Structure formats: structure tokens, C-alpha cells
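**Student:** FYI, in numbering that gives the first Met the number 0 the residues of the sequence shown are 0 to 158. Cβ atoms here follow ideal geometry from the backbone N, Cα and C, with glycine treated the same way. What you are looking at is a predicted structure, and each value in this text was computed from that prediction instead of being measured.
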Amino acid sequence: MTTPEQHGRYEVAPGAVGGPEPQFHPAPVTGAMAWWIGFLYLVPVPVVSQIVSWVAPVVTHVRLRRGGGLAAEVSRQAANWQLTFATVTVGGLLLSAGALLVAAAAGVTTDPRWLLPWFAIVTIMGVATIVHMILGGTKAGRGEVHRPWGAIGFFKPVS
0 MTTPEQHGRY EVAPGAVGGP EPQFHPAPVT GAMAWWIGFL YLVPVPVVSQ
50 IVSWVAPVVT HVRLRRGGGL AAEVSRQAAN WQLTFATVTV GGLLLSAGAL
100 LVAAAAGVTT DPRWLLPWFA IVTIMGVATI VHMILGGTKA GRGEVHRPWG
150 AIGFFKPVS
């Protein structure tokens, strides 16, 4: 019986000195970035960070939907949730401002407390968004899709 050393062939582990280079394979695209990028709204730049956190998942989805599969569905769910958050935030502000204008025209009040319902809605949606971003990002990393309850379907499922 002969050994590899007798034939001038040495078995060396990949990556070791004299051995073959280790093989690295890129991680599969899961679309998790569409969820994690939503944390940009926590950056303390009042309007810009909010707009970027709403637009970035949409751009991510537009880029990933061509490939289909898990990444497209994950990014679709993230974009739908961020656009739902944007709709509730902007829509709530417009409704509150409209109610203030009607009340001011009727001579009832011009008290700044009219913003309290809007702040409550935005706070609740902000906490829900943080929860959904964490759940969505971690599930996407495991190859699962997080479907947030209450999200408006702005984008159709990718087939």
C-alpha cells in the first residue's frame, strides 16, 4: 500500500499553506435589506430621513422584482409596509390639519393640541414599523417571508 507522500502528492486542507484556495460562494439574495433599510427613519434628520426610509424599500423592490422568488416577495412586503406607514403619516396629518381648519373657521379653537391624535397615530405606527422591520429582516435572513398585518397592497405579487 502506498501513501500520497510517496507519489509526491500531499493532501492539504483548503486554505492552508500549499493547499488549494478555499471556495467562497456569495450568499443568496433574500431581500432582507428592504426591511433593514427602513431603520433610516430613525436618523435624526426630520423630513429627509423619513422620505428616504419610505422610498428606499420601493427602489429595492423595483430592482429585485425582475428576478422573482423570495427576494421579490420579501421586498414587496417591505415596500408595501413602508408605503402604508407613509400613507398613514401624511394622511393623518392632512386629516388633522383639515379638522383644525374647519374648527378654526367655525371659531371653535386654534389650540395646538389638535396634533395629539396625529402624534399618537404616528407613534403607534412607528413602533409597529420597528417591530415589522425586525421581524421582516430576521425572517428574510432565514428564507421566510414576513407579511405585516394591515399593510396596504400597493404592489401586486410577483408571479
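Identify, in the order they occur along the chain, each residue of the same chain with its Cβ nearer than 6 Å to the Cβ of W35, setting aside the five sequence neighbours on each side.
**Tutor:** G136
**Student:** Expressed to the nearest angstrom, what Euclidean distance is found between the alpha-carbon atoms of T29 and R146?
**Tutor:** 15 Å
**Student:** Going by the CB atoms, is the gap between L39 and V51 shorter than 8 Å?
**Tutor:** yes
**Student:** Does the beta-carbon of R141 have 16 or more other beta-carbons within 10 angstroms, so that it is buried, or is it exposed?
**Tutor:** Exposed, by the Cβ-count rule.
**Student:** Among G149, T59, A98 and V54, whose alpha-carbon lies nearest the alpha-carbon of A33?
**Tutor:** T59
**Student:** Touching or not, the region 149-156 and the region 73-87, by the rule of three or more beta carbon pairs under 8 Å?
**Tutor:** When C-beta atoms of the region 149-156 are compared with those of the region 73-87, three or more pairs fall below 8 Å, so the two segments count as touching.
**Student:** Can you give me the C-alpha to C-alpha distance between L82 and V54, rounded to a whole angstrom?
**Tutor:** 8 Å
**Student:** If you follow the alpha helix (DSSP H) that E72 is part of, which residue opens it and which one closes it?
**Tutor:** That run of the alpha helix (DSSP H) goes G68 to A104.
**Student:** Quick one: what's got a C-beta closer than 6 Å to T88's C-beta in the same chain, skipping five residues either side?
**Tutor:** V121.
**Student:** Measure the alpha-carbon distance for M132 versus G37 and round it to whole angstroms.
**Tutor:** 7 Å
**Student:** Using a threshold of 8 Å, state whether the C-beta atoms of A139 and A31 are closer than that.
**Tutor:** yes
**Student:** Can you tell me which of V130, A127, L94 and V101 puts its alpha carbon nearest to the alpha carbon of L115?
**Tutor:** L94
**Student:** DSSP three-state call for Q22: helix, strand or coil?
**Tutor:** coil
**Student:** Span of the alpha helix (DSSP H) holding K138?
**Tutor:** L115 to G140
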